[in-house]
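Chemist: Each step along the sequence shown adds one to the number in my numbering, with nothing skipped, and position 97 is 163. Virtual Cβ for every residue (Gly too), placed ideally from N, Cα, C.
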Amino acid sequence: MKIFRITATVLPVGAIIVFHLLAPSEAAANEGEAAFKARCGSCHGARDIRSWGRQRADAAARQAWFDQFLRRHYPPPGAEHAVIIDYIESTITAGPR
Ligand code: HEC
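#1: Which same chain residues end up closer than 6 Å to Tyr153 when comparing Cβ atoms and leaving out the 5 residues on each side of it in sequence?
#2: Does DSSP put Ala145 in a helix, in a strand, or in coil?
#3: Beta-carbon within less than 8 Å of Leu136's beta-carbon, same chain only, minus the 5 sequence neighbours each way: which residues are those?
#4: In three-state terms, what does DSSP make of Ala126?
#5: Are the CB atoms of Arg122 and Trp131 within a distance shorter than 8 Å?
#6: Could you check which residue in Glu92, Ala125, Cys109, Glu155 has the C-alpha nearest to that of His139?
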């Protein structure tokens with residue numbers, strides 16, 4: 067029966083999508099941290115991130131600056147651009163650790 071084969075294919079995919087929708091911000095945070103470490107970590111660490119936060123206190127201006135700056139400074143490809151900025155921002159707003 068064709069319907070069973072379709073169900074067998076669609077169910078796991080659906081389960082994965084639901085998992086991603088539910089499980090989440092932690093997975094996203096880890097993804098950001100991993101991307102930052104891979105692309106920026108050889109030169110920058112938490113201390114740098116905090117100093118970038120001090121340089122620009124206004125969150126909106128700071129994000130706009132990261133957005134522009136990272137287009138020419140070791141530009142992260144595709145979706146990693148936003149993922150890395152989100153990670154940097156969450157580290158700054160989490161405050162000193
Ligand atoms: C090969 C080394 C290297 C890599 C990789 C690298 N950077 Fe940098 N970055 C530097 C150097 C050197 C500077 C200039 C000195 C400083 O401000 O620390 C800098 C400066 C910066 C600054 C501050 C600029 C300013 O005007 O104050 C930011 C923000 C930054 N990098 C973000 C990143 C991010 C995000 C990544 C990953 C996508 C990254 N960098 C990857 C070496 C690197």
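Modeler: The answer reads as follows:
#1: Counting from one through the sequence shown, the residue named residue 153 turns up at place 87. Closer than 6 Å at the Cβ level, and outside the excluded window around Tyr153, lie Gly98, Glu99, Phe102.
#2: Along the sequence shown, read from residue 1 onward, the residue named residue 145 stands at position 79. Ala145: coil per DSSP, three-state reduction.
#3: The count along the sequence shown starts at 1 and reaches residue 136 at position 70. Counting only Cβ-Cβ distances below 8 Å, and skipping sequence neighbours, we find Pro142, His147, Ile150, Ile151.
#4: Here residue 126 refers to the residue found at position 60 of the sequence shown. In the structure shown, Ala126 sits in a helix (DSSP, three-state: H, G or I).
#5: By one-based count along the sequence shown, residue 131 stands at place 65. By one-based count along the sequence shown, residue 122 stands at place 56. In this structure, Arg122 lies closer than 8 Å to Trp131 by Cβ.
#6: For this step, residue 139 is matched to residue 73 along the sequence shown. Nearest of Glu92, Ala125, Cys109, Glu155 to His139, Cα basis: Cys109.
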